[in-house]
Amino acid sequence: MKNRGKGSYFASLALSVLLAFIIGAVILAVAGFNPIQAYAAMVDGAFSNVRHVGDFLEYAMVLCICGLACVLGSRVGIFNVGGEGQLLLGAIAACQVGVVMNGQSRWLVLPCAALAAMAVGGFYALIPGVLKVKVKVNEVITTIMLNTIAASFCQFLAKGPWKNPNRNMVAATGQLDPRYWFTTIIPSSNLSTAILIAAVMAFLTWYIMQKTAVGFEMKLTGQNPRFAFFSGIKTDKIVILCMLISGAMCGLVGMFRVYGVEHLYRSSISNQYYFEGLTVAMIARYDPVTVILLSFFFAVLKIGAQGMELSAGVPNQIYLIIQTVIIFFMAAENGIFTSIQAGAQRKKARAGLVRKEEQSHG
0 MKNRGKGSYF ASLALSVLLA FIIGAVILAV AGFNPIQAYA AMVDGAFSNV
50 RHVGDFLEYA MVLCICGLAC VLGSRVGIFN VGGEGQLLLG AIAACQVGVV
100 MNGQSRWLVL PCAALAAMAV GGFYALIPGV LKVKVKVNEV ITTIMLNTIA
150 ASFCQFLAKG PWKNPNRNMV AATGQLDPRY WFTTIIPSSN LSTAILIAAV
200 MAFLTWYIMQ KTAVGFEMKL TGQNPRFAFF SGIKTDKIVI LCMLISGAMC
250 GLVGMFRVYG VEHLYRSSIS NQYYFEGLTV AMIARYDPVT VILLSFFFAV
300 LKIGAQGMEL SAGVPNQIYL IIQTVIIFFM AAENGIFTSI QAGAQRKKAR
350 AGLVRKEEQS HG
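The sequence shown begins at 0 in numbering that gives the first Met the number 0 and counts up one residue at a time.
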């Protein structure tokens, strides 16, 4: 939203969403499905019962925190692609805390698990952050590589030393004692009291970025690091701090998934959630408030598409098509607007030349 106002941005977003649904409808029709019935089933799949509402709220929570973690990195000019690995490491660390501390008080285990998840996720994010500021290594390359290492390492632990002996065919750790689970808010859904912690995290992230001196330093570091440095801002420390917080947030999402949904660690615990949050952040143009709003929209699409597949037999991949088309149009929007603006200026200039020629001949 740097180039134009928010009103113009939301108009472009609404148009992109409309076009995405129209293209989705064409694809559905060509595939032999009734688009109106399919979209009705999508809405029904998200809101038909309280269980589905709970699932979409839990998914919105995950998208929101992952998206905000990405926003933190982008605020200082860092593209943190490594949130997926940070999430997985935070999840398995938090799970192992619960297994090792089995028998201890719930009020001791939960804070320890949260701290372990944040510490591991934050430390893992520090690696590309330090490499970026100290030796100028591209963070996209390092974070992608670290994602692979984290996923493989967690898989190794879940298949090896931390494997659950009762799950011979599945790479999974020991299951947590039920007394350590987050309390379920809506029965039979994935929504737990973790959403309350996530809401506080979202507010604090917004407040730090928008209302504090540190947030201003982050913004200035991202926009003009040279100017920020000569203004007395310790830009390297700001970058490292943002990566630390970003990784800690991703690690905590992993802890939410373990203690609120899965109750153990397995390789499918994330299902590329960070990249979904990254997508939301990109569409929101890294604006924290817009990330929060779009997280609910895309959560409705995701959960609704799953319900649509069950009730109407429409493959839920239509959700990914719609999401990708929205990204395409939002990415092209600036270029299209610039081209239209340039064309209008050329037309205006030509009209001015014609008037001058007419006046000179007159």
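Glycine is no exception: its CB is placed at the ideal position from the N, C-alpha and C atoms.
Check: Could you pull out every residue in the same chain whose Cβ sits closer than 6 Å to the Cβ of F53, ignoring the five residues on either side in sequence?; Outcome: In the sequence as displayed, the identity of residue 53 is Gly instead of Phe. Only I185, S188, L190 meet the Cβ criterion.
Check: Could you spell out where the alpha helix (DSSP H) holding L219 opens and where it closes?; Outcome: 212-222
Check: Pull up the distance between the alpha-carbon of K158 and that of F255, whole angstroms please.; Outcome: 22 Å
Check: Can you tell me where the alpha helix (DSSP H) holding R256 begins and where it ends?; Outcome: 234-256
Check: When we look at the beta-carbon of V299 and count the other beta-carbons within 10 Å, is it buried (16 or more) or exposed?; Outcome: buried
Check: Less than 6 Å between C-beta atoms, sequence neighbours within five positions excluded: which residues of the same chain meet that for M143?; Outcome: According to the sequence provided, residue 143 is Ile. The question's Met does not apply to it. For I143, where only same-chain residues beyond five positions count, the Cβ hits under 6 Å are V80.
Check: Only counting the same chain, and skipping five residues up and downstream in sequence, which positions put a Cβ closer than 6 Å to that of L175?; Outcome: G97, H262
Check: Using the DSSP secondary-structure output, state which residues sit across from S191 in a beta bridge.; Outcome: T183
Check: Using only the alpha-carbon positions, how far apart do M307 and P177 sit?; Outcome: 32 Å
Check: Would you list, in sequence order, the uninterrupted alpha helix (DSSP H) runs of no fewer than 4 residues that lie entirely inside the stretch 260-343?; Outcome: 272-282, 287-311
Check: Any idea if Q95 is buried or exposed, counting beta-carbon neighbours within 10 angstroms, 16 or more meaning buried?; Outcome: buried
Check: Looking at the structure shown, is R131 part of a helix, part of a strand, or coil, going by DSSP?; Outcome: At residue 131 the sequence reads Lys, which differs from the Arg that was named. DSSP places K131 in helix when its eight states are reduced to three.
Check: Roughly how far, in whole angstroms, is the beta-carbon of G76 from the beta-carbon of P224, given that I think they are within contact range, below 8 Å?; Outcome: 7 Å
Check: The alpha helix (DSSP H) with P34 in it runs from where to where?; Outcome: 34-46
Check: So, V279 versus G66, is the Cβ gap smaller than 8 Å?; Outcome: yes
Check: Pull up the CB-CB distance for G276 and C69, whole angstroms please, since I reckon it's below 8 Å.; Outcome: 6 Å
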